[in-house]
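These notes are about the structure you will find just below.
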Amino acid sequence: MPSKPILVVTRHFTDAVETRIARDFEARRNPNDRALTPDELIAAAEGADALFISPAEKLDATFFARVPKSVKAIATFSVGYDHIDLAAAKASGIPVSNTPGVLNDATADVAMLLLLGASRRAYESQQLVRSGEWPKRKPADLLGWQLTGSILGIYGMGRIGQALAHRARAFGMTIHYNNRKPLPESEAQGAIFHDTPESLLRASNFLSIHAPSSAETKHFLNRKTIDLLPQGAIVINTARGALVNDEDLIAALRSGRIAAAGLDVFEGEPNVNPGYLDLPNAYLLPHIGSATIETRTAMGMLALDNIQAVLNGQPPPTPIPLP
Ligand code: 8YV
Numbered sequence: 023m024p025s026k027p028i029l030v031v032t033r034h035f036t037d038a039v040e041t042r043i044a045r046d047f048e049a050r051r052n053p054n055d056r057a058l059t060p061d062e063l064i065a066a067a068e069g070a071d072a073l074f075i076s077p078a079e080k081l082d083a084t085f086f087a088r089v090p091k092s093v094k095a096i097a098t099f100s101v102g103y104d105h106i107d108l109a110a111a112k113a114s115g116i117p118v119s120n121t122p123g124v125l126n127d128a129t130a131d132v133a134m135l136l137l138l139g140a141s142r143r144a145y146e147s148q149q150l151v152r153s154g155e156w157p158k159r160k161p162a163d164l165l166g167w168q169l170t171g172s173i174l175g176i177y178g179m180g181r182i183g184q185a186l187a188h189r190a191r192a193f194g195m196t197i198h199y200n201n202r203k204p205l206p207e208s209e210a211q212g213a214i215f216h217d218t219p220e221s222l223l224r225a226s227n228f229l230s231i232h233a234p235s236s237a238e239t240k241h242f243l244n245r246k247t248i249d250l251l252p253q254g255a256i257v258i259n260t261a262r263g264a265l266v267n268d269e270d271l272i273a274a275l276r277s278g279r280i281a282a283a284g285l286d287v288f289e290g291e292p293n294v295n296p297g298y299l300d301l302p303n304a305y306l307l308p309h310i311g312s313a314t315i316e317t318r319t320a321m322g323m324l325a326l327d328n329i330q331a332v333l334n335g336q337p338p339p340t341p342i343p344l345p
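Everything in the sequence shown is counted per the working numbering, starting at 23 for the first residue and increasing by one.
Set out below in structure tokens:
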């Protein structure tokens, strides 16, 4: 029997994905299930056929300069690929793939959870119950802001943005969006296009961020752009923390310029800017957008499909678009 290809697997996955890894590969595991440093990943990759990584592993130009020649495929277990230096990946000639499409619903669900949690003050409400302070609550306490009849601005109306729009419409919200180009009506579904982010911000009582992280989108939300939002707007981020200038958002949450924020992603995560931690109007989650058994299984299976296609001499089904 021919020997199985050697696969470096940096994290642990769902049972179905683990079963397929054990069946099809000689797996090199990371027993600690924590992010590998570039040096650790290079050491593990020596003589390996493929790498199955997570967004916590940073593949920079130095990594690609040193990656062993045996490595024929790299798959990241994420739709986002801001942890990969694309020019260096291209120069290396190694096909690199991601997992788009399969996590739209799970991530849009969490964006909806954040919209509801932030706007209905779920964190403060839960604290009131758990602290035993509920009997002191007055009728005018803990009033939130209604989704029905409000405008939801979506910055980056790709697959996840569209899945959120679908959900928010059912809550009676009107959808506005900004993209490079207007979507065909079959995808826009009545959503109103803005040709600049500034115009979208001016219209949005609620803003949800869905653009990829890049040099162009870094700190998209900052003091200047916050000033364009209507007074008391609510901001949601399930994309990447780097799109938000934390100090500026924290200041706006403190002053009430922004009424509330719902955040699943943070710049520098898993470390969180401590300024958020004592803000009652910040509804905070630990990057759980894709974290359902079904979605994490689909992501793992798609990553393995990509790796096996390349090892069989085929193009990966979902390559990362290289510059
Ligand atoms: C993570 C994500 O991949 O797909 C992305 O871009 O950020 C998430 O789905 C997941 O949390 C595993 O780290």
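Ideal Cβ positions, reconstructed from N, Cα and C, are used throughout, including at glycine.
What you are looking at is a predicted structure, and each value in this text was computed from that prediction instead of being measured.
Just the Cα atoms here: how many angstroms apart are residue i and residue j?
i	j	result
VAL132	GLU316	15 Å
PRO339	ILE75	17 Å
LEU174	ASN293	29 Å
ILE64	LYS94	14 Å
SER230	GLN336	37 Å
ASP71	ARG262	30 Å
ARG50	ILE28	7 Å
PRO157	LEU301	23 Å
THR247	GLY69	49 Å
THR239	ALA44	39 Å
SER114	PHE86	6 Å
Please confirm whether any heavy atom of ligand 1 lies closer than 8 Å to the CB of residue i.
i	result
HIS309	yes
THR32	no
THR314	no
GLY102	yes
MET321	yes
SER230	no
LEU326	no
LEU251	no
THR76	According to the sequence shown, residue 76 is Ser rather than Thr. It does: the Cβ of SER76 is within 8 Å (strictly closer) of some heavy atom of ligand 1.
LEU125	yes
PHE215	no
PHE288	no
THR239	no
PHE99	yes
THR170	no
THR129	yes
THR121	yes
Helix, strand or coil: how does DSSP classify residue i here?
i	result
ALA49	strand
LEU299	coil
ASN259	strand
LEU125	coil
GLY166	coil
ASN200	strand
PHE86	helix
PRO341	strand
GLY183	helix
ILE272	helix
VAL101	coil
GLY175	strand
VAL118	strand
How is the alpha helix (DSSP H) around residue i delimited, first residue to last?
i	result
SER230	Unbroken run through SER230 is the beta strand (DSSP E), 228 to 231; no alpha helix (DSSP H).
HIS216	It is not in any alpha helix (DSSP H) - HIS216 instead sits in the beta strand (DSSP E) that spans 214 to 216.
LEU108	108 to 114
TYR145	144 to 153
GLY322	315 to 333
Which residues mark the beginning and the end of the beta strand (DSSP E) in which residue i is found?
i	result
THR98	95 to 98
ALA72	72 to 75
Against chain D, does residue i count as a neighbour if the rule is that its beta carbon must be under 9 Å from one of theirs?
i	result
PRO302	Protein chain content of the structure displayed is limited to a single chain, and chain D is not contained in it.
May I ask whether a heavy atom of ligand 2 can be found less than 8 Å away from the beta carbon of residue i?
i	result
VAL89	What this structure holds is ligand 1, not ligand 2.
Exercise for review: Kindly confirm or deny that the segment 148 to 165 and the segment 273 to 280 touch, where touching means at least three C-beta pairs closer than 8 Å.
Suggested key: no
Note to self: For the segment 208 to 227 against the segment 250 to 264, do three or more pairs of beta-carbon atoms, one drawn from each stretch, fall closer than 8 Å, so that the two count as touching?
What the structure shows: yes
- Message: When you compare the segment 195 to 206 with the segment 167 to 181, are there three or more beta-carbon pairs, one atom per stretch, that lie closer than 8 Å?
- Response: yes
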